[in-house]
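To keep things clear, I will list the structure first and then write my remarks on it.
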Amino acid sequence: MNLKTKDVVIIGAGPAGMTAAVYANSGGLSVTLLESGMYGGQMTVSSVIDNYPGVGKVGGYELADMMFRRVEECGIEPVYDTARRIEATGGIFKVAGEAAEYFGRCIIIANGVKRREAGFEGERAYTGRGVSYCAVCDGSFYREADVCVIGGGNSALEEALYLSGICRTVYLVHRRESFRGEKKYVDAVKKRDNIVKLTSHRPIRVWGDGKVEGIELRDDAKDAPVKLNVKGVFVAVGLVPDNVGFAEAVTLTEDGYVLAGEDCKTTAPGIFVCGDSRRKTVRQITTAVGDGAVAASEAIRYLRG
Ligand code: NAP
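For the sequence shown, our numbering gives the first residue as 5, with consecutive numbering after it.
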């Protein structure tokens, strides 16, 4: 066996992966924890989290830090690399990363989901030049400016609320007549004078000279174009899985999630999945953490035979 082989390679250090790391460590397993960006995953783009029991209202970064401190206490240092593929080689799994290869007697996939693109003209070209996918990360660049948020779910409503405390006007652009997000966020949005709700509007294109200067929308109710002079466009139109690279190792669902039940076992013995990248109905920090505990416990059972 390769000297670098660990009992388990965990792909992703969001709430699911960090919990799996803590449980695997408690069970006596050696761990490689891979993370492609910032530990904490999607929670780091939330300004306030109020549905994670035991910590009251807490910032996304703050909760990520609390979880990460426990990982560090276990003596686990994440390796910052992006996992691209999983291969089985003679009873051992190899994870091919962008920078190196990692070997494990079993694997826990905990890579979460990524932000969906809305698909308007100029979205990619202007990303980082006025188009953003994270109000908490980029909002401060738009102090006292006019911005727009695209989307109608919890994320878009949260981002609009956050930005309304920083920006002059926040146009909240949603393609349907009513929002999909929870009532508490919809009610809070209604109370903010500087959030202008543009329902039945779709984004068509952004324009600008190197940086966003405005966005063109389609008002579906009037079947007419609408132009807004805004400096920032925050896209919050949902999340998509990022599992294509693992498709040869495990079975994916039609929409790209890893196929596994509540026991977190994939179709490949020795490969487990937890958190948002698993097929499931409720994607929350709480459910990710629960999954992490289950996946690590099943990995321990698998290795002990
Ligand atoms: P979501 O609930 O899937 O909502 C996505 C929104 O974007 C929908 O309103 C959708 O419109 C719209 N949309 C999708 N594609 C679009 C496009 N191409 N152009 C324009 N609009 C488009 O996604 P989310 O808000 O990111 O939330 C994801 C998950 O995280 C949800 O389960 C959510 O509850 C959870 N979350 C929870 C919290 C919390 O509990 N505090 C906070 C944030 C997120 P349609 O309505 O027409 O489909």
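We put the CB at the ideal spot given by N, CA and C, even for glycine.
Keep in mind it's a predicted model, so treat the numbers as computed, not measured.
- Taking every protein chain shown into account, the CB of P19 has 16 or more other CB atoms within 10 angstroms, so this residue is buried.
- By the neighbour-count criterion, in which a residue is buried when 16 or more other Cβ atoms sit within 10 angstroms of its Cβ, C278 is buried.
- DSSP links I199 through a beta bridge to V174.
- A Cβ-Cβ contact shorter than 9 Å links V239 with E121.
- A104 and F97 have their C-alpha atoms some 14 Å from each other.
- With a threshold of 8 Å, the Cβ atom of F183 counts as near the ligand NAP, since some heavy atom of the ligand is closer than that.
- A distance criterion of 8 Å places the beta-carbon of D246 beyond contact range of the ligand NAP, judged by its closest non-hydrogen atom.
- For A20, there is no enclosing beta strand (DSSP E); the enclosing alpha helix (DSSP H) covers residues P19 to S30.
- Taking non-hydrogen atoms of the ligand NAP into account, the C-beta of L221 is found less than 8 Å away from none of them.
- According to DSSP, K231 shares a beta bridge with E220.
- Contact check between the region 271-290 and the region 216-233: fewer than three CB pairs, one atom from each, fall below 8 Å, which does not count as touching.
- For G236, the beta-bridge partners assigned by DSSP are V151.
- In the three-state reduction of the DSSP assignment, C110 falls in the strand class.
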